[in-house]
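Novice: Residue numbers in the sequence shown follow UniProt numbering, run continuously in steps of one, and reach 157 at the last position.
There's a structure below that I have some questions on.
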Amino acid sequence: MESSSPSPAPPATAAVAVTGRGRTLSRENSAKSMITDQISQAVLSTSNLIRIMLQSSSSQENLVKLPKTLLAIASTIKNTKQVLEHMPSVISSLDAYMDNGLQSVSHLETVTQLLRNIENNQLKPLTADQVLIQVNINMHIEASSNHFLPSCLLGNT
1 MESSSPSPAP
11 PATAAVAVTG
21 RGRTLSRENS
31 AKSMITDQIS
41 QAVLSTSNLI
51 RIMLQSSSSQ
61 ENLVKLPKTL
71 LAIASTIKNT
81 KQVLEHMPSV
91 ISSLDAYMDN
101 GLQSVSHLET
111 VTQLLRNIEN
121 NQLKPLTADQ
131 VLIQVNINMH
141 IEASSNHFLP
151 SCLLGNT
């Protein structure tokens with residue numbers, strides 16, 4: 001009985017082209033190549049297993065059930081294929097999202113510092129002099145805004 005074991009495929013090599021997101025196309029190509037190689041290995045292993053089972057009379061009964069079993073999981077295999085096909089774009093989007101987030105860190109630090117400053121200034125108690133100054137400012141603003149309003153709006157008829 002011949003046992004032909006498939007030789008592992010050489011790793012995919014591609015020219016390294018850096019994208020704007022800092023990733024390389026060779027990483028995507030090598031991942032696709034690795035998945036393709038693993039699927040090919042699984043198909044060959046299954047084929048060899050079926051050949052061996054055909055030669056063994058004790059496994060004939062199980063072999064008859066195999067097509068039904070494979071049909072039962074066909075939708076799962078199809079879904080897995082679809083997920084794997086979308087994986088590069090998902091990874092690319094996630095990579096871009098992370099890059100964008102990392103570029104925003106300095107802005108977030110600035111905003112955080114501004115919020116701390118605002119919070120610290122708002123929580124300080126006002127002295128009596130500061131209260132009087134604020135009241136005078138408010139009265140001055142109110143008086144000057146009333147000066148420009150028509151008398152009918154001020155309640156003077």
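Glycine included, C-beta positions come from ideal geometry on N, C-alpha and C.
Whole angstroms is fine: what's the gap from Ala96's alpha carbon to Gln38's?
Specialist: As a working mapping, residue 96 is identified with position 96 in the sequence shown. As a working mapping, residue 38 is identified with position 38 in the sequence shown. Roughly 28 angstroms separates the two Cα atoms.
Novice: Please report the straight-line C-alpha distance between Ser58 and Asp99, rounded to a whole angstrom.
Specialist: Position 58 of the sequence shown holds residue 58. Position 99 of the sequence shown holds residue 99. Approximately 58 angstroms between the Cα atoms of the pair.
Novice: State the start and end residues of the unbroken alpha helix (DSSP H) segment that holds Ser92.
Specialist: Mapped onto the sequence shown, residue 92 falls at position 92. First-last of the alpha helix (DSSP H) with Ser92: 60-103.
Novice: When DSSP labels each residue in this structure, what does Thr127 get in the three-state scheme?
Specialist: Along the sequence shown, read from residue 1 onward, the residue named residue 127 stands at position 127. Coil, per DSSP.
Novice: With a cut-off of 8 angstroms on the beta carbons, I'd call Leu54 and Leu63 a contact; round off their distance for me.
Specialist: Indexing the sequence shown from 1 puts residue 54 at position 54. Indexing the sequence shown from 1 puts residue 63 at position 63. Contact flag correct, Cβ pair sits at about 7 angstroms.
Novice: Taking only the alpha-carbon atoms, compute the straight-line gap between Ser40 and Gln82 and give it to the nearest angstrom.
Specialist: Locating residue 40 in the sequence shown gives position 40, counting from the first residue. Locating residue 82 in the sequence shown gives position 82, counting from the first residue. If I take the Cα positions, the gap works out to 17 angstroms.
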